[in-house]
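Just so you know, we're using our numbering here: the sequence shown kicks off at 1251 and counts up by one. Where is the CB? At the ideal position from N, CA and C, for every residue including glycine. Owing to the predicted nature of the structure, the values given are computational and were not obtained by experimental measurement.
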Amino acid sequence: MTSEGQKPVTILFDSIVETDYGQFDLVWGDGEGFDGDWDRVFDGHVNGLAGSASGDGLYVNLGRRSGGSQVRMVLVDAQPTVGDDWEDIVEVSIVVPDGPVQWAAWAWDDSGDLALPAGTYRVRVNARGRDAGAEDEFAEEVVDFYLLEIWAAPADPDAIVRTTSKNAEYWHRENGGRR
1251 MTSEGQKPVT ILFDSIVETD YGQFDLVWGD GEGFDGDWDR VFDGHVNGLA
1301 GSASGDGLYV NLGRRSGGSQ VRMVLVDAQP TVGDDWEDIV EVSIVVPDGP
1351 VQWAAWAWDD SGDLALPAGT YRVRVNARGR DAGAEDEFAE EVVDFYLLEI
1401 WAAPADPDAI VRTTSKNAEY WHRENGGRR
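Structure representation (structure tokens):
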């Protein structure tokens, strides 16, 4: 799916994710998703929103504790430009082995397959509405939005690209700084 002047994009996932504890995972191999061990997931990271240190998945910490959050994942052929409409942005590297890849919310209450081929990738997690999600976690409408942009790239240390929400600042202090 492309339009003139844009890089090719493959939509891997685009849905409202019903979760609890703000948990959203990509899982491969023998991974079971986030198990509560912050050190295992964020070891060596400076950011506190996306943890990939375990090697068996990617944990994304959503701003909304419970309810529905809009999550979109796209595979792109090259590093995209940083969008102005995102409040919080972090990047991490992942290495996906051959085999199935799944996405999952807390306790696998909401999950499914993901067509992400084996490879070494950079993942940019863009977020908007984290403060609204944290403040009104039981709102009936979606208040927080996430875009995960994934492209083939050599592994690099994680990075905080932009932080404007109080919620992201909190999680960077709480989970980040393990480098």
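Measure the alpha-carbon distance for residue i versus residue j and round it to whole angstroms.
i     : j     : result
T1260 : N1297 : 26 Å
E1341 : F1263 : 18 Å
V1277 : D1335 : 28 Å
S1316 : E1268 : 7 Å
A1402 : A1368 : 10 Å
A1418 : S1361 : 25 Å
A1303 : R1290 : 6 Å
V1310 : A1384 : 15 Å
P1404 : V1326 : 15 Å
R1314 : A1382 : 8 Å
V1351 : M1323 : 13 Å
I1266 : G1318 : 6 Å
E1254 : W1288 : At E1254 the pLDDT is 45, less than 50, meaning the model places this residue with poor confidence; the figure from the coordinates comes in the next sentence. In a straight line, the C-alpha of E1254 is about 42 Å away from that of W1288.
Y1396 : L1312 : 8 Å
D1270 : G1349 : 27 Å
D1476 : P1347 : The displayed coordinates of the chain run from 1251 to 1429. Any statement about residue 1476 would go beyond what the structure contains.
H1295 : V1393 : 27 Å
L1398 : D1275 : 12 Å
S1415 : D1293 : 23 Å
G1301 : L1308 : 6 Å
D1386 : G1272 : 13 Å
E1391 : R1380 : 14 Å
Specify, as a first and last residue, the run of the beta strand (DSSP E) that residue i falls within.
i     : result
Y1309 : 1307-1311
A1303 : Taken as a continuous stretch (DSSP letters only), A1303 belongs to no beta strand (DSSP E), as it is neither H nor E.
V1411 : 1409-1412
L1398 : 1395-1402
Count the other C-beta atoms from every protein chain shown that fall within 10 angstroms of the C-beta of residue i, then say buried if there are 16 or more, exposed otherwise.
i     : result
E1337 : buried
G1333 : exposed
F1388 : exposed
W1356 : buried
E1424 : exposed
T1436 : With the chain covering 1251 to 1429 only, the question about residue 1436 has no answer from this structure.
What residue range does the alpha helix (DSSP H) around residue i cover?
i     : result
D1270 : Per DSSP, D1270 belongs to no alpha helix (DSSP H) and is neither H nor E.
A1382 : 1380-1385
A1418 : 1416-1425
F1292 : 1288-1292
Between residue i and the ligand FMN, is the CB less than 7 Å from at least one heavy atom?
i     : result
P1330 : In terms of ligand content, the structure shown is empty, and the ligand FMN therefore cannot be addressed.
Subject >> Minimum length 4: unbroken alpha helix (DSSP H) runs contained in the stretch 1312-1366 >> reply: none
**OP:** Report yes or no: do three or more beta-carbon pairs, one from the stretch 1339-1355 and one from the stretch 1371-1382, lie closer than 8 Å?
**Re:** yes
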